[in-house]
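Engineer: When we follow this note's numbering, the leftmost residue of the sequence shown carries the number 90, and every step to the right adds one. Positions of the beta carbon are idealized from the N, C-alpha and C atoms, including for glycine. The structure under discussion is supplied below as structure tokens; questions concerning it will follow.
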Amino acid sequence: NNAMQFAFYTRMLQRHLQQALARRAEIKRMDYRVKLRVWLAGDGSIRRAELIDSTGNTEMDTKLRTALTDLPPVSELPPEKLPQPISVRITNRVTG
């Protein structure tokens, strides 16, 4: 079932983005919740990513945009005919 395969891949992409961003010193200590549109190349690399909405913090938006251009490819190749762009919500909560 393609829809299930696409949903699974979208969740994997969401985890990949959150984990990769959490490794960035300039981002990992900041709270955010934002929706993205992501376009992937056939090799799993991110061709383009844009914020659908704002985090409410212009500086944070800029840091996220910059980081998104420089993330490692997704380890698993995208399924054939995966509809793009892929919409994902990413969040980071810093407690304490």
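1) Is it the case that the stretch 119–136 contacts the stretch 171–183, given that we only count it when at least three CB pairs across the two stretches are under 8 Å?
2) Tell me which same chain residues have a C-beta within less than 7 Å of the C-beta of A109, skipping the five on either side of it?
3) N91 and K152 - do their beta-carbons sit closer together than 8 Å?
4) Taking just the CA atoms, how far does R112 sit from L166?
5) Pick out whichever of H105, D150 and K117 has its Cα sitting closest to the Cα of I135.
6) I think F95 touches P168, with their Cβ atoms under 8 Å apart; what is that distance to the nearest whole Å?
Structural biologist: For this structure:
1) The stretch 171–183 makes contact with the stretch 119–136; the number of CB pairs closer than 8 Å reaches 3 or more.
2) L160 and P161, listed in sequence order.
3) Between K152 and N91, the gap from beta carbon to beta carbon reaches 8 Å or more.
4) Note on geometry: alpha-carbon atoms of L166 and R112 lie some 22 Å from one another.
5) Checking every option, the nearest Cα to that of I135 belongs to H105.
6) With 8 Å as the limit, F95 and P168 qualify as a contact, their Cβ atoms being about 6 Å apart.
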